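Position one of the sequence shown corresponds to residue 78 (this note's numbering), numbered consecutively onward. Ideal placement from N, C-alpha and C gives every residue a C-beta, glycine not left out. A quick note: this is a predicted structure, and the numbers were derived from the prediction, not measured. Accompanying notes for the structure given below.
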Amino acid sequence: MKNLAGREDCDKFIEEELTKCGIELIRLPARLRSEVPASIIGRLGKFQFHRAWYYWVVQGLMPLEVAQELYADPVGKTDVRIKGHCGCPPPEERWITWVGKNGKRLLLLKERAEAVKVFEKRKDLLERFLSEFDFSENPSVEGEAFIDSYHIDSELGLRIFADALKKHNLV
78 MKNLAGREDC
88 DKFIEEELTK
98 CGIELIRLPA
108 RLRSEVPASI
118 IGRLGKFQFH
128 RAWYYWVVQG
138 LMPLEVAQEL
148 YADPVGKTDV
158 RIKGHCGCPP
168 PEERWITWVG
178 KNGKRLLLLK
188 ERAEAVKVFE
198 KRKDLLERFL
208 SEFDFSENPS
218 VEGEAFIDSY
228 HIDSELGLRI
238 FADALKKHNL
248 V
């Protein structure tokens with residue numbers, strides 16, 4: 078993929094890449110204030126795609142089983158990077174986001190205790206933090222496993238990712 082950092086003509090490349098991969102174009106009212114000054118992003122179901130300098134950043138909750146399927150593909154293993162990690166790790170415990178039945182992210186109970194210490198002088202921040210998450214002794218029992226972000230380094234990787242979303246009815 079082309080390095081689009083700082084390129085005012087980035088939208089034509091972004092539109093072409095998204096269109097080739099069957100990803101919906103979202104035209105923004107103003108250019109993003111980021112390394113790639115785009116006025117187009119992509120969306121497929123609940124997944125959002127925005128272009129970084131030579132790769133795509135994707136945000137959305139990918140079920141662990143689909144993440145494992147992507148990783149089993151030779152291109153997915155190297156070009157579809159979990160949380161942007163350059164080492165291309167497999168979708169395992171360290172990278173998993175747990176989500177409870179109510180849709181809130183689950184954190185360990187010990188993380189709640191740590192937050193209470195960190196925010197002890199900022200009760201407003203503590204209340205906000207506690208309202209955004211649920212806590213569990215064992216999130217793997219109470220929640221569902223997801224990978225919540227990717228960096229995708231090639232157009233083929235982007236296509237494989239989009240096709241996996243469609244195959245598993247995530248759009």
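Checklist entry - With DSSP run on the structure shown, which of helix, strand or coil describes residue 211? => result strand
Checklist entry - When DSSP labels each residue in this structure, what does residue 107 get in the three-state scheme? => result coil
Next on the checklist: Does the segment 98–116 come into contact with the segment 204–215, if we say contact requires no fewer than three beta-carbon pairs (one atom in each stretch) closer than 8 Å?
Outcome noted: no
Next on the checklist: Need the endpoints of the beta strand (DSSP E) that residue 182 sits in, please.
Outcome noted: 182–185
Next on the checklist: What does the Cβ neighbour count give for residue 162, buried or exposed, with the cut at 16 atoms within 10 Å?
Outcome noted: exposed
Next on the checklist: What does the alpha-carbon distance come out to for the pair residue 120 and residue 189?
Outcome noted: 33 Å
Item to check | Contacting residues, own chain, Cβ-Cβ under 6 Å from residue 143 (five flanking each side not counted) | outcome: 241 and 245
Checklist entry - Are the Cβ atoms of residue 92 and residue 117 separated by less than 8 Å? => result yes
Checklist entry - Should the segment 228–243 be called in touch with the segment 178–192, which here means at least 3 C-beta pairs below 8 Å? => result no
Checklist entry - What is the rounded straight-line gap between the Cα of residue 216 and the Cα of residue 138? => result 16 Å
Checklist entry - Based on Cα-Cα distance, which residue from 224, 201 and 147 lies nearest to residue 236? => result 147
Item to check | Three-state secondary structure assigned by DSSP to residue 132 | outcome: coil
Next on the checklist: Less than 8 Å between CB atoms is the rule here; does residue 206 satisfy it with respect to chain C?
Outcome noted: Checking the listed chains, one finds no chain C in this structure; it contains a single protein chain.
Checklist entry - Under 8 Å between the Cβ atoms of residue 213 and residue 183? => result yes
Checklist entry - Closest by CA to residue 176, which one among 99, 224 and 131? => result 224
Checklist entry - Among the residues of its own chain, which have a CB less than 6 Å from the CB of residue 114, if the five just before and after it don't count? => result 108
Next on the checklist: Let me make sure I understand the geometry here. Which of 123, 124, 99 and 128 has the alpha-carbon closest to that of residue 86?
Outcome noted: 128
Next on the checklist: Among the candidates 202, 179, 178 and 150, whose CA atom is the shortest distance from the CA of residue 165?
Outcome noted: 150
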